[in-house]
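This report concerns only the one structure given below.
Shown next, in the form of structure tokens:
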């Protein structure tokens with residue numbers, strides 16, 4: 002069930018437990034289990050979360066939250082919380098050590114690796130679902146190690162879609178499902194995975210309305226598929242053929258919006274030509290969906306007044322994933338379902354997740370300084386403001402700053418300061434300092450994997466370590482992530498961690514990755530410090546929630562920001578007099594601070610690598626320690642102002658110079674719930690298009706070429722006689738969530754994470770519901786319990802996500818359920834984005850008696 006506006010104990014009331022009356026304290030926060038981050042109210046019984054309910058004042062979720070948020074006490078008060086730094090001994094045991102010893106030894110080992118092997122030998126991995134601000138601190142370590150290489154969970158989930166987005170229009174798109182006449186979900190079960198506000202009420206309303214159409218593309222009969230008007234039950238891995246057939250119908254039946262294409266796109270004629278001869282009937286048959294249903298669905302989309310689309314991991318971690326993203330976007334572009342109520346929208350960001358590949362976010366002026374790197378527009382403009390330009394957006398100011406940067410005869414000290422300020426905006430440094438090595442064509446150092454949004458594909462990471470290549474990674478920092486459990490081929494990850502010269506994990510729990518690290522540093526929980534998520538994707542109102550600490554940090558833990566600040570101070574780059582000058586400048590106002598910061602870096606350019614530490618130790622100095630991670634939000638607010646200035650103004654953040662950013666920063670700090678930081682109208686989506694002429698580029702050459710290969714029979718299946726089934730290695734069920742909740746007791750059912758299988762396959766294998774069976778892939782074999790039913794198509798089996806984590810209560814008997822990545826392989830991945838095929842793993846299943 003879902004909980005919406007549920008009843009609760011009011012603030013100041015009491016609860017009775019064991020015949021004792023205990024006063025409750027109510028705090029405002031947000032759920033951290035999915036990208037929606039719904040606002041919640043928490044009634045505290047000491048440090049326990051006594052009750053949790055939706056926050057009616059939150060402008061995004063408006064009191065709604067699903068039932069999983071009710072279990073957050075199992076995260077916050079897990080008995081297995083870490084409370085001391087741990088060091089791995091040569092014998093493989095872990096012993097508690099003090100913070101000073103841990104940080105001294107880590108800093109010394111980093112210096113040794115840098116001295117012996119040179120720059121670029123550190124890999125940073127992070128994956129915090131709602132734990133984003135703490136990740137900024139690792140940038141100081143990356144800067145010191147002169148290594149820009151990083152990866153996150155997004156690199157194994159959304160990289161293909163991000164790459165298509167940046168090629169076509171430069172940024173991210175999101176559907177307006179609440180008002181859409183047609184809701185189209187591809188490889189997604191929003192009943193369980195949400196991803197937009199009030200997902201379940203929106204789905205129920207759409208399913209009940211005869212004027213609206215809910216379309217679900219999924220091999221499984223999921224909860225969303227059960228209530229859908231149209232369920233396209235595609236065969237596993239055949240989504241590309243289904244979508245190509247639908248695009249073919251739109252083109253061949255002339256159901257496209259020609260006016261929209263002529264006005265707002267480039268390359269549409271080439272795309273129309275490519276699909277005029279698409280064999281719709283043949284592709285429909287390959288996909289497993291009847292041709293008439295394919296045609297009917299395409300016609301429904303074309304005839305709708307509005308349509309919104311969402312693709313998710315069901316296709317993004319399967320065969321042809323990047324191509325599928327491209328074809329999915331063709332459906333709404335060809336029908337003109339963009340920048341209108343109920344349609345696809347581009348939106349503002351507080352901080353862009355990743356680096357757009359083109360457009361106005363970056364700037365290199367024709368006659369400006371010969372800088373060796375691109376400059377974010379917001380940083381360029383911030384320099385103008387900080388140096389006194391009265392019209393930071395005007396041509397005269399452009400020329401003044403350009404002249405200052407370009408001419409060594411014009412105020413050389415200002416030149417250095419301005420360069421430094423620009424560097425501070427993007428974390429890079431002037432040519433010659435060589436703090437950041439040049440990346441060859443945006444590729445990884447060993448395998449040459451394509452780097453998308455600044456991230457190395459997750460399936461390539463172990464290949465960047467387990468090699469004798471001189472540029473292999475020698476050190477690894479993992480912050481709020483668990484790659485040894487969540488990334489492909491867990492056994493290979495275990496080998497890679499043992500091959501490193503230094504591995505450090507910063508986390509709240511002794512995760513599977515922590516159990517392999519050289520040092521484990523205990524972090525304060527997400528409810529013990531200022532935190533936020535940058536998954537702010539809504540339109541026309543976009544909401545940002547700076548979560549305040551609900552509890553004091555658990556004794557022995559530190560915030561990530563404090564951990565990295567203390568570590569960075571050991572690098573010998575910062576000094577107390579410089580920090581004190583910046584603290585005084587901050588008291589004189591934002592402009593004074595930014596100018597002083599630029600001057601400090603100009604005097605000692607290596608300080609540019611320490612930006613996050615500098616901010617923490619200066620702007621954050623007057624804050625409580627648990628709130629100090631929020632200091633970096635001042636820079637985030639500056640970025641938001643220069644990227645979305647008019648939208649911020651419509652949301653009430655106005656003024657000259659840095660005033661809008663400062664007002665936003667103060668509002669975020671003073672408000673307990675979410676804040677609307679941008680306000681747009683439906684047509685304003687065009688303001689966020691960053692491609693030339695604000696036109697959607699429809700031609701992506703590699704993907705058009707891949708469309709042509711769909712008629713090749715050899716590209717239709719990856720199963721074999723040895724592995725005849727397709728395994729979905731991890732999908733969301735009602736009793737699973739992100740593995741930050743590790744205690745299996747939180748699950749009221751489904752503790753063993755059964756393998757779902759069709760009745761047809763079960764009968765053929767002689768299996769009954771609840772039987773044990775042996776599941777085998779090329780990655781390994783595990784014993785599973787089978788759950789027989791109508792959910793799965795024949796030939797398709799599924800394991801849930803979130804299982805297989807160790808916990809003191811089950812450690813001696815093995816992890817609860819199966820860790821899906823004990824079965825996956827790094828070899829199975831998308832050729833363009835490198836995303837893994839977790840949802841398309843060739844497998845076989847045998848009754849235990851047959852397996853011997």
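In the working numbering, the protein residues as written are 2 to 853.
The C-beta atom is built at its ideal place from N, Cα and C for all residues, glycine as well.
For clarity, every value in this text was computed on a predicted model and none was experimentally measured.
Asked	Found
Given residue 460 as reference, the closest of 707, 152 and 758 once Cα atoms are compared	152
Residues bridged to residue 702 (per DSSP)	Per DSSP, none; premise fails for residue 702.
Residue range of the unbroken beta strand (DSSP E) whose run includes residue 479	476-480
Touch test, the region 653-667 against the region 529-539, Cβ-Cβ under 8 Å, three pairs minimum	no
Close Cβ partners of residue 314 (< 7 Å) along its chain, the five nearest in sequence each way excluded	158, 188 and 840
Backbone CA spacing between residue 846 and residue 830 [nearest angstrom]	23 Å
Candidates 676, 215, 600 and 843, of which the one nearest residue 721 by Cα	843
Span of the beta strand (DSSP E), counted from its first residue to its last, around residue 854	Because the chain is modelled from 2 through 853, residue 854 falls outside the range shown and cannot be assessed.
Nearest-angstrom beta carbon gap, residue 244 and residue 328 [assumed within contact, 8 Å]	4 Å
Residue range of the unbroken beta strand (DSSP E) whose run includes residue 67	65-67
Sufficient close CB pairs (3 or more, under 8 Å) joining the region 778-798 to the region 717-737	yes
Contact under 8 Å by Cβ, residue 531 with residue 550	yes
Start and end residues, alpha helix (DSSP H) containing residue 302	292-304
Beta-bridge partners of residue 757, as assigned by DSSP	788 and 799
Completely contained beta strand (DSSP E) runs for the region 100-161, where each covers 3 or more residues	123-127 and 151-153
Distance, residue 773 Cα to residue 849 Cα	7 Å
Cα-Cα separation, residue 441 to residue 120	With a pLDDT of 39 at residue 441, under the threshold of 50, the predicted position of this residue should be treated as unreliable, though the coordinate-derived value follows. Taking the straight line from one Cα to the other gives about 15 Å.
Cβ pair count under 8 Å reaching 3, the region 485-492 against the region 131-142	no
Given residue 637 as reference, the closest of 272, 504 and 350 once Cα atoms are compared	350
Exposed unless 16 or more other CB atoms sit within 10 angstroms - verdict on residue 362	Residue confidence is low: residue 362 scores 33 on pLDDT, short of 50, so the model does not pin down where it sits. No coordinate-derived value is stated.
DSSP bridge partner residues for residue 444 (one or two, in chain order)	451
Length of the line joining the Cα atoms of residue 407 and residue 580	Only weak support is given to the placement of residue 407: the predicted model assigns it a pLDDT of 40, under 50, and the question is left unresolved by the model.
Residue 476 versus residue 124: straight-line alpha-carbon distance, rounded	6 Å
Buried/exposed call for residue 345, threshold 16 Cβ in 10 Å	buried
Own chain partners of residue 675 with C-beta closer than 7 Å, once the 5 adjacent residues on each side are dropped	40, 59, 60, 61, 544, 545 and 546
Cα-Cα separation between residue 97 and residue 516, rounded to whole angstroms	14 Å
Inter-stretch contact (C-beta, 8 Å, three-pair minimum) for the region 568-586 and the region 598-605	yes
Residue closest to residue 347, alpha-carbon to alpha-carbon, out of 651, 794 and 692	692
Contact under 8 Å by Cβ, residue 680 with residue 717	no
Beta-carbon separation (whole angstroms), residue 182 vs residue 299, contact threshold 8 Å	Contact doesn't hold; Cβ gap of about 15 Å is too wide.
Reduced DSSP secondary structure (H/G/I, E/B, other) of residue 265	helix
Same chain, Cβ closer than 7 Å to residue 360, neighbours up to 5 away in sequence not counted	Its pLDDT being 32, under 50, residue 360 is placed unreliably by the model, and nothing is read from it.
Cα-Cα separation between residue 653 and residue 669, rounded to whole angstroms	13 Å
CB contact flag (residue 79, residue 743, <8 Å)	yes
Pairwise C-alpha distance: residue 249 and residue 714	19 Å
Other residues of its chain near residue 506: CB distance less than 6 Å, five sequence neighbours each side excluded	479, 514, 515, 518 and 521
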